[in-house]
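Participant:
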């Protein structure tokens, strides 16, 4: 199976138990753009019926697939939430300068 097929199989297996929440850790890492699009389309479809939580370092993907997002920064306190809000707000008018710097590509 290709990487994208393997990922879709993993998603199908996770859905077999009918979860109300699905956690995905870097669901599209190392996938080609076509496979990434299929996974993102699947995420959109799933989000109509279950809560999907995605961990990603891909800011463009976070902007495309999420309704809400949180920015975590390990600045001496691992796991600290710096900012959390609707995705459009985090990406267009973040309240914390560190969030603004990250989403604008100034670090990371």
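Residue numbers (the numbering used here): 105 to 212. Glycine included, each C-beta is placed from N, C-alpha and C at the ideal position. These numbers were taken from a predicted model, which means no experiment stands behind them.
How is residue 195 classed by DSSP in three states: helix, strand or coil?
Facilitator: Start at 1 with the first residue of the chain shown, and residue 195 comes out as number 91. Residue 195 carries a helical assignment under DSSP once its states are collapsed to helix, strand and coil.
Participant: Assuming residue 157 and residue 119 are in contact, meaning their beta carbons sit under 8 Å apart, how far apart are those beta carbons, in whole angstroms?
Facilitator: In the chain shown, counting from the first residue as 1, residue 157 sits at position 53. In the chain shown, counting from the first residue as 1, residue 119 sits at position 15. Their Cβ separation, rounded to whole angstroms, is 14 Å, which puts residue 157 and residue 119 out of contact at 8 Å.
Participant: With distances taken from CA atoms, which of 211, 182, 202, 166 is nearest residue 192?
Facilitator: Numbered from its first residue, the chain shown carries residue 192 at position 88. Closest option to residue 192, Cα to Cα, is 166.
Participant: In chain order, which alpha helix (DSSP H) runs of at least 4 residues are fully inside the stretch 130 to 186?
Facilitator: 137 to 150, 163 to 169
Participant: What is the rounded straight-line gap between the Cα of residue 183 and the Cα of residue 160?
Facilitator: To locate residue 183, count along the chain shown from 1; it is residue 79. To locate residue 160, count along the chain shown from 1; it is residue 56. Straight-line Cα distance between these residues: approximately 14 Å.
Participant: Can you tell me whether residue 208 is buried or exposed, with buried defined as 16 or more other CB within 10 angstroms of its CB?
Facilitator: By 1-based counting over the chain shown, the position of residue 208 is 104. That one is exposed.
Participant: Measure the beta-carbon distance from residue 187 to residue 200 and round it to whole angstroms, keeping in mind my assumption that it falls under 8 Å.
Facilitator: As a working note, residue 187 is residue 83 in the chain shown. As a working note, residue 200 is residue 96 in the chain shown. Right, the Cβ-Cβ distance comes to about 5 Å (below 8 Å), so this counts as a contact.
Participant: Can you give the Cα-Cα distance for residue 142 and residue 180, rounded to whole angstroms?
Facilitator: Your numbering for residue 142 matches position 38 in the chain shown. Your numbering for residue 180 matches position 76 in the chain shown. Going from the Cα of residue 142 to the Cα of residue 180 covers about 37 Å.
Participant: So residue 144 packs on residue 169, CB below 8 Å; how close in whole Å?
Facilitator: Counted from its first residue, the chain shown places residue 144 at position 40. Counted from its first residue, the chain shown places residue 169 at position 65. Confirmed, about 5 Å.
Participant: For residue 147, does the count of other Cβ atoms within 10 angstroms reach 16, so buried, or fall short, so exposed?
Facilitator: Here residue 147 corresponds to residue number 43 of the chain shown, with the count starting at 1. It counts as buried.
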